[in-house]
Amino acid sequence: MSKEFNQKIYVAGHRGMVGSAIVRILKIQGYSNIVTRTHAELELTNQAAVRTFFEQEKPAQVYLAAAKVGGIHANNTFPADFIYQNLMMEANVIHQAFESGVKKLLFLGSSCIYPKLAPQPMSENALLTGLLEPTNEPYAIAKIAGIKLCESYNRQYGQSHGIDYRSVMPTNLYGPGDNYHPENSHVIPALIRRFHEAKAVNAPEVLIWGTGTPKREFLYVDDMAAASVFVMDLAKSAYEQHTLPMQSHINVGFGSDVTIAELATAVAKATDYSGKISFDSSKPDGAPRKWMDSSRLNRLGWQAKVDLESGLKKAYEDFLKIHSEAKTGNLS
């Protein structure tokens, strides 16, 4: 299938970690007509504003990477905000994309859509088979709704209007554009910051919550972006051969996982921290394992390329850049 590199592509959420990576990959691949809007320029929860945007721009493709995201504390504190804002963004963008004639759309979800006790590795058919993790249930419900919006529009309008709306579910992501906030960041950016700060003051030890035995899977964000473009560009026949009309989402993972202890050792190496790593077993571990089954995507011909060691080096370079800009007051 030949690519039309001048077609207009709208990337919603281009300032986020995933959205910015998608813009990078599209530009690397030669796409030259990429449309973006900041939150200040376009409020995606505002139906009228989204309608006006699509009527004026009329993009050919849409990558829906915009979302309200946060850690456990934020999800527990603002559950109404998380479900309402994400539902509104998805409904507005997907519906107005359809209304303006967009034929191709890719919705980006999250691994939290799967039940808390889903068998490992978590396959696409585990969706809606059990209870969700309570701490982020509202966010997960919104993401499930996004998948079902895409499927429902395909079922009702796929043949009559030629639309083809798809969904991808990433595992834990890290890399350039990550959030390194000391309290609200995820495990890799949090560890990068802690080991960097420990190295700066020559701290003899870094203490990490839990036993270090839980296993997690991590994917470099540019790999996720490349997988997104790969899935978007797949021939419809190939996509339909590997999915079902009411189970059409595709997992995107690295393919293997590591223990938290192994991750901590890898982050220490990437940040050049040589002190002791200890674990506080009195603190909670969380789920023993969270690992995505990416065999569906692998059968379609895509594999992750960036290994954890290489990815962590790039992530630390990004952290140092942000840290330096913040200290000098040049952070944009």
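Under the numbering used here, residues 400 to 731 are what the sequence shown spells out, in order.
Backbone N, C-alpha and C fix where the C-beta goes; we use that ideal spot for every residue, glycine too.
Less than 6 Å between C-beta atoms, sequence neighbours within five positions excluded: which residues of the same chain meet that for residue i?
| i | result |
| --- | --- |
| GLU604 | GLY674, LYS675, SER677 |
| LEU504 | VAL461, ALA496, TYR564 |
| VAL628 | ILE424 |
| HIS722 | none |
| ASN743 | In the structure as shown, the chain begins at 400 and stops at 731. Residue 743 is therefore absent and cannot be evaluated. |
| GLY576 | MET416, SER419 |
| GLY470 | ASN583 |
| ILE543 | ILE512 |
| TYR409 | VAL434, PRO458, VAL461 |
| MET400 | Unreliable placement is indicated for MET400, whose pLDDT of 49 sits below 50; the coordinate value is still reported in the next sentence. Counting only Cβ-Cβ distances below 6 Å, and skipping sequence neighbours, we find ALA634. |
Let me know the secondary structure DSSP gives residue i once reduced to three states.
| i | result |
| --- | --- |
| SER731 | Bear in mind that the predicted position of SER731 carries a pLDDT of just 47, short of 50, making it unreliable; the figure below should be weighed with that in mind. In the structure shown, SER731 sits in coil (DSSP, three-state: anything other than H, G, I, E or B). |
| ASN485 | helix |
| VAL449 | helix |
| LYS713 | helix |
| LYS503 | strand |
| SER431 | coil |
| SER673 | coil |
| TYR384 | Residue 384 is absent from the structure shown; the chain starts at 400 and stops at 731. |
| THR658 | strand |
| VAL630 | helix |
| ALA403 | According to the sequence as given, residue 403 is Glu; it is not Ala. Note: GLU403 maps to coil in three-state DSSP. |
| ARG436 | coil |
| ASP480 | helix |
| LYS457 | coil |
| GLN702 | coil |
| ASP684 | coil |
| ASP679 | strand |
| LYS689 | strand |
| ARG414 | coil |
| PRO520 | coil |
| LYS614 | strand |
| VAL468 | coil |
| GLU596 | helix |
| LEU425 | helix |
| GLU724 | helix |
Kindly give me the distance between the Cβ atoms of residue i and residue j, rounded to whole angstroms, as I take these residues to be in contact under 8 Å.
| i | j | result |
| --- | --- | --- |
| VAL492 | VAL461 | 7 Å |
| SER647 | GLU550 | 5 Å |
| ALA714 | GLY574 | 5 Å |
| ASP679 | ILE587 | So it is not a contact: roughly 19 Å between Cβ atoms. |
| ASN432 | LYS407 | 5 Å |
| ALA517 | ALA464 | No, ALA517 and ALA464 are not in contact; Cβ-Cβ is about 24 Å, not under 8 Å. |
| LEU572 | LEU618 | 6 Å |
| SER566 | GLY508 | 6 Å |
| SER559 | GLU616 | That belief does not hold up - the Cβ atoms of SER559 and GLU616 are roughly 39 Å apart, past 8 Å. |
| MET623 | SER510 | Going by Cβ atoms, the distance from MET623 to SER510 rounds to 12 Å, so no, they are not a contact pair. |
Within the same chain, show all residues whose beta-carbon is closer than 7 Å to that of residue i, passing over the 5 residues directly before and after it, in chain order.
| i | result |
| --- | --- |
| PHE790 | The question about residue 790 has no answer, for the chain in this structure spans 400 to 731. |
| LEU711 | ALA665, VAL666, ALA669 |
| MET429 | First, the amino acid is wrong: residue 429 is Gly here, not Met. So the list reads PHE404, once near-sequence residues are dropped. |
| MET645 | GLU550 |
| LEU548 | GLU489, ALA490, ILE493 |
| ARG554 | PRO644 |
Among residues of its own chain, excluding the 5 on either side of residue i, which ones have a beta-carbon nearer than 8 Å to its beta-carbon?
| i | result |
| --- | --- |
| THR368 | Since the first residue of the chain shown is 400 and the last is 731, residue 368 is not available in this structure. |
| GLU708 | ALA665, LYS668, ALA669 |
| ASN474 | PHE481, THR534, ASN535, PRO537, TYR538 |
| TYR528 | Rather than Tyr, the amino acid found at residue 528 in this sequence is Thr. For THR528, where only same-chain residues beyond five positions count, the Cβ hits under 8 Å are PRO514, ALA517. |
| VAL620 | MET416, VAL417, ALA420, LEU572, TYR573, GLY574, PRO575, GLY576, ASP577 |
| GLY561 | LYS502 |
Start-end ranges of the beta strand (DSSP E) lying completely within the segment 532-594, minimum 3 residues | 563-569, 571-573
Touching by the beta-carbon criterion (3+ pairs, under 8 Å), the segment 475-488 and the segment 514-531 | no
Could you tell me whether the segment 693-702 touches the segment 638-652, using the rule of 3 or more Cβ pairs below 8 Å?
-> yes
State whether the segment 580-599 contacts the segment 439-456, with contact taken as three or more CB pairs (one from each stretch) at a distance under 8 Å.
-> no
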